[in-house]
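J.:
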Amino acid sequence: NDLFGAAVAISGGHLLAGAPSHEGFGYLAGAAYAFEMQDGQWTQVQKLPPPVLETYSEFGTSIDIQGDLAAIGWPGAMQGSVRSGLVILYSWTGTEWTLTQTLSDPDGENGDRFGTSICIDGDQLIIGCQLDDFAADNAGSALVYRRIDNTWQFEQRLAPSQGDEFAWAGRDVAIDGNL
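All the letters of the sequence shown, read from the start, carry residue numbers 3 to 181 under my numbering.
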């Protein structure tokens, strides 16, 4: 079971569905499937593999789309020698999704699960980091990125002030308007 549809996002005529347990690229490496609305039907146009083929990386755990921008969470991805997670940004070219930028937690640690959740709103992007230890062991956090001159840049970490262990802040995120 590849958990197809564990994450789904739709924007206009675009639909992306994650399959974080897909094994075609390695054990639990994951994948994302791109569909376009054609003649009133959703048609698969692309299968997106993880940019680097790694086992246990769960590419496609979270997904969001806004217009021709897509973000795909990869919470088990390696960042150097640390499995802290990444988020991969794609742009729609008119015929396919192409990788445009890779985002990471600037203070990522092993097991943080950066990319557990994602939400895009205009020039802001918020990414959940469910097991981040910033406030306490596995308290979690959410990281805010802002698009400046067409590049996404880290802006702020949101973490629970009380620092409860295993709070899992960032497990789900949402953004609407300015922070």
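C-beta atoms are modelled at their ideal positions from N, C-alpha and C, and glycine is treated no differently. The structure displayed is predicted, hence computed values, not measured ones.
What did DSSP end up calling E56 once you bin it into helix, strand or coil?
T.: By 1-based counting over the sequence shown, the position of residue 56 is 54. E56: coil per DSSP, three-state reduction.
J.: So T104 packs on G75, CB below 8 Å; how close in whole Å?
T.: One-based indexing of the sequence shown puts residue 104 at position 102. One-based indexing of the sequence shown puts residue 75 at position 73. Contact doesn't hold; Cβ gap of about 12 Å is too wide.
J.: Are the beta-carbon atoms belonging to A72 and A11 less than 9 Å from one another?
T.: Locating residue 72 in the sequence shown gives position 70, where the first residue counts as 1. Locating residue 11 in the sequence shown gives position 9, where the first residue counts as 1. Going by C-beta atoms, A72 is nearer than 9 Å to A11.
J.: In angstroms with no decimal places, state the Cα-to-Cα distance between G7 and A19.
T.: Within the sequence shown, numbered from 1, the residue matching residue 7 stands at position 5. Within the sequence shown, numbered from 1, the residue matching residue 19 stands at position 17. Spanning the two alpha carbons is a distance of roughly 5 Å.
J.: Mapping DSSP to helix, strand and coil, what is I120?
T.: Numbered from its first residue, the sequence shown carries residue 120 at position 118. I120 falls in the strand class under three-state DSSP.
J.: Label Q132 either buried or exposed according to how many other C-beta atoms from any shown protein chain fall within 10 Å of its C-beta, with 16 as the threshold for buried.
T.: Mapped onto the sequence shown, residue 132 falls at position 130. The residue is buried, with at least 16 neighbouring Cβ atoms inside 10 Å.
J.: Below 8 Å, can you find three or more Cβ-Cβ pairs linking the segment 115–129 to the segment 78–98?
T.: As far as the Cβ criterion goes, the segment 115–129 touches the segment 78–98, which means the pair count is three or higher.
J.: If we define contact as Cβ-Cβ less than 9 Å, is L50 a contact residue for chain B?
T.: Of the protein chains in the structure, only one exists, and it is not chain B.
J.: Could you have a look at I177 and say whether DSSP puts it in helix, strand or coil?
T.: Residue mapping note: residue 177 aligns to position 175 of the sequence shown, counting from 1. Here I177 sits in coil by DSSP.
J.: Identify which residue in L55, W99, L50, T57 has its Cα closest to the Cα of G69.
T.: Residue mapping note: residue 69 aligns to position 67 of the sequence shown, counting from 1. Closest by alpha carbon: W99.
J.: Kindly provide the ranges of any beta strand (DSSP E) runs that are 3 or more residues long and lie completely inside the segment 75–160, ordered along the chain.
T.: Fully enclosed beta strand (DSSP E) runs of 3 or longer: 88–94, 99–105, 116–123, 126–131, 143–150, 153–160.
J.: Counting only the same chain and skipping the five closest in sequence on each side, list residues whose C-beta sits under 8 Å from that of E167.
T.: Sequence index remark: in the sequence shown, residue 167 carries index 165 (1-based). Same-chain partners within the cutoff: A138, D139, N140, A141.
J.: In the DSSP assignment, what are the bridge partners of F61?
T.: Taking the first residue of the sequence shown as 1, we reach residue 61 at position 59. F61 pairs with G32.
J.: Here's the rule I'm using: 16 or more other beta-carbon atoms within 10 Å means buried, otherwise exposed. How should L50 be labelled?
T.: Residue 50 sits at position 48 when you count from the first residue of the sequence shown. Burial call: buried.
J.: Considering only residues of the same chain and omitting the five flanking positions on each side of E157, which have a CB-CB separation below 7 Å?
T.: One-based indexing of the sequence shown puts residue 157 at position 155. The residues V146, Y147, R148, in chain order, have a CB closer than 7 Å to that of E157 in the same chain once the five nearest residues on each side in sequence are set aside.
J.: Based on the DSSP output, what are the partners of F37 in its beta bridges?
T.: By 1-based counting over the sequence shown, the position of residue 37 is 35. DSSP output for F37 lists L17, Q46 as bridge partner(s).
J.: Q48: which of F27, L17, P77 sits nearest, CA to CA?
T.: Residue 48 sits at position 46 when you count from the first residue of the sequence shown. Comparing Cα-Cα distances from Q48 to each of F27, L17, P77, the minimum goes to L17.
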